Amino acid sequence: MRHNGAPAVRAVRADAARDRLRAGPRRSRPPPLRRRDRPRAAAGAAAAARGRRSADGGGRGPARGRLGRRVRRRGRALVRAGADRVAVLLAARPPDSADGRPTGAARRDAGGVVSGPVVASVVVALRSFDATRTRRTLLVAVVLGPVLQVLYFAAVAAPSLVVGAGASLLLAVLTAVDAVTVSLTRMRHDAVLGSVLLSARPAVLLWSGVALAAAGVGSAAGLVSLVWALLLFGQGVPGQVAAGAIALTGCAALAGSGCGFAAGVLGLRSRDGLAWVGPFTAVLTVLGGVVAPVAELPPVVEAVARVLPLGYATDALRTLLGEGWTGALAVQSGAVVVLGAAWFGLGLLGWALARRTLRRTGGTDLL
Numbered sequence: 001m002r003h004n005g006a007p008a009v010r011a012v013r014a015d016a017a018r019d020r021l022r023a024g025p026r027r028s029r030p031p032p033l034r035r036r037d038r039p040r041a042a043a044g045a046a047a048a049a050r051g052r053r054s055a056d057g058g059g060r061g062p063a064r065g066r067l068g069r070r071v072r073r074r075g076r077a078l079v080r081a082g083a084d085r086v087a088v089l090l091a092a093r094p095p096d097s098a099d100g101r102p103t104g105a106a107r108r109d110a111g112g113v114v115s116g117p118v119v120a121s122v123v124v125a126l127r128s129f130d131a132t133r134t135r136r137t138l139l140v141a142v143v144l145g146p147v148l149q150v151l152y153f154a155a156v157a158a159p160s161l162v163v164g165a166g167a168s169l170l171l172a173v174l175t176a177v178d179a180v181t182v183s184l185t186r187m188r189h190d191a192v193l194g195s196v197l198l199s200a201r202p203a204v205l206l207w208s209g210v211a212l213a214a215a216g217v218g219s220a221a222g223l224v225s226l227v228w229a230l231l232l233f234g235q236g237v238p239g240q241v242a243a244g245a246i247a248l249t250g251c252a253a254l255a256g257s258g259c260g261f262a263a264g265v266l267g268l269r270s271r272d273g274l275a276w277v278g279p280f281t282a283v284l285t286v287l288g289g290v291v292a293p294v295a296e297l298p299p300v301v302e303a304v305a306r307v308l309p310l311g312y313a314t315d316a317l318r319t320l321l322g323e324g325w326t327g328a329l330a331v332q333s334g335a336v337v338v339l340g341a342a343w344f345g346l347g348l349l350g351w352a353l354a355r356r357t358l359r360r361t362g363g364t365d366l367l
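Position 158, counted from 1, in the sequence shown is what the UniProt record's numbering calls 158; the numbers after and before it change by one each time, with no gaps.
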């Protein structure tokens with residue numbers, strides 16, 4: 001009996017057809033060019049290469065285009081790294097429900113109170129400040145610095161509560177300026193600014209936390225200095241005057257954080273992030289009105305000093321110690337806060353311009 005192999009052959013052919021369908025259509029090689037068509041094909045290939053070259057680098061060959069793509073990839077990688085590192089810190093509120101959506105209470109809290117982003121930004125600012133300051137440096141800035149400053153101003157001028165409390169205001173402003181500028185510089189070095197650039201929240205909510213953190217550090221230094229000034233020069237001072245001096249110290253620190261934010265944003269545009277801090281603090285020290293009132297300065301210098309909030313703070317201090325709680329004191333204290341807010345708004349404007357330039361040019365200066 002003869003063996004029938006037709007079913008086996010059909011199975012093999014079916015398997016081969018199935019493999020061809022899975023592999024897709026067979027790519028056939030193009031027919032070889034004839035001799036008369038070769039120059040025309042070479043000219044077309046050269047034109048295509050020139051088009052790719054101009055699209056990649058815009059000039060001299062594809063190497064420049066590869067370098068540009070490499071730089072852009074590096075910038076995007078830095079942005080993603082910064083976003084991954086601070087995504088938790090910059091989150092306004094964690095989700096409350098199992099599916100990732102906030103509950104009704106969370107939505108009401110997020111809609112009615114904007115403290116979530118501000119608190120997260122404060123945490124970022126405090127961590128960046130602590131990362132750049134050792135315990136010894138913090139001890140000098142908050143404890144030893146106020147003592148030495150009060151003693152210095154008592155030595156160069158008549159020892160009085162005006163000079164000691166004025167030194168406290170000056171130290172609060174200078175510490176706040178230093179804190180916010182160092183915080184911005186540290187955030188830049190840690191690639192945190194990339195996540196801020198990608199954030200959809202308003203810039204005033206993100207950066208107000210940094211300013212509040214710096215104001216807290218400046219207030220601590222100013223209060224320590226004020227305590228020493230009251231112990232040295234303030235025997236028999238009423239409690240209302242001491243409370244007013246404490247409030248003025250907080251206002252001065254808050255205004256100093258606004259000034260420091262403007263100086264820090266200006267420093268972000270340069271290679272050295274702290275380049276503008278030294279000259280700015282020197283101007284604050286000279287034109288702050290601690291040793292001599294601002295009104296006794298030359299007219300041109302007085303006009304420059306009136307732009308700084310420290311001059312109004314020292315005037316308010318003299319009004320408090322001389323006249324007590326009056327309407328002039330309220331006006332001068334309000335001027336301190338308004339000028340600090342104006343400097344903070346100037347810093348926000350500089351940040352918006354830097355962000356716009358970065359998006360237009362595609363650079364990585366702030367990353």
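Where is the CB? At the ideal position from N, CA and C, for every residue including glycine. Note that the structure is predicted; figures quoted are calculated from it, not measured.
Around the beta carbon of residue 315, a 10 Å sphere encloses 16 or more other beta carbons of the protein chains shown; the residue is thus reported as buried. Comparing alpha carbon positions, the residue from 155, 342, 261 and 354 closest to residue 207 is 261. Taking 7 Å as the cut-off, the Cβ atoms of residue 239 and residue 176 do not count as close. For residue 296, no alpha helix (DSSP H) run applies, since DSSP gives it neither H nor E. According to the DSSP assignment, residue 287 belongs to the alpha helix (DSSP H) that extends over 277 to 287.
By the CB criterion at 7 Å, residue 229 and residue 165 fall inside the cutoff. Closest by C-alpha distance to residue 169, out of 299, 285 and 298, is 285.
Residue range 239 to 268 is occupied by the alpha helix (DSSP H) that includes residue 249. For residue 274, the three-state secondary structure derived from DSSP is coil.
The DSSP-derived three-state label of residue 183 is helix. In the structure shown, residue 234 adopts coil according to DSSP, grouped into three states. Nearest neighbour of residue 343 by Cα position, chosen from 18, 204 and 290, turns out to be 204.
No residue range can be given for residue 308, since it is assigned to no alpha helix (DSSP H) and is classified by DSSP as neither H nor E.
Spanning the alpha carbons of residue 288 and residue 304 requires a straight line of approximately 10 Å.
Here residue 325 is exposed: its Cβ has fewer than 16 other Cβ atoms, across all protein chains shown, within 10 Å. Only residues of its own chain outside the window of five on either side were considered, and among them 176, 253, 254 and 257 have a CB closer than 7 Å to the CB of residue 215, listed in chain order. Distance check between residue 144 and each of 267, 220, 322 and 18 places 220 closest, using alpha-carbon atoms only. Taking residue 317 as reference, the option from 161, 146, 151 and 196 with the minimal CA-CA separation is 161. By a beta-carbon distance limit of 8 Å, residue 328 contacts residue 319. Their separation comes to about 5 Å. In the structure shown, the three-state DSSP call for residue 201 is coil. With 16 or more other CB atoms across the displayed protein chains lying within 10 angstroms of its CB, residue 149 is buried. For the pair residue 280 and residue 263, the CB atoms are nearer than the 7 Å cut-off. Taking each of 292, 334 and 180 in turn and checking the Cα distance to residue 217, the smallest one comes out for 180. In the three-state reduction of the DSSP assignment, residue 326 falls in the coil class.
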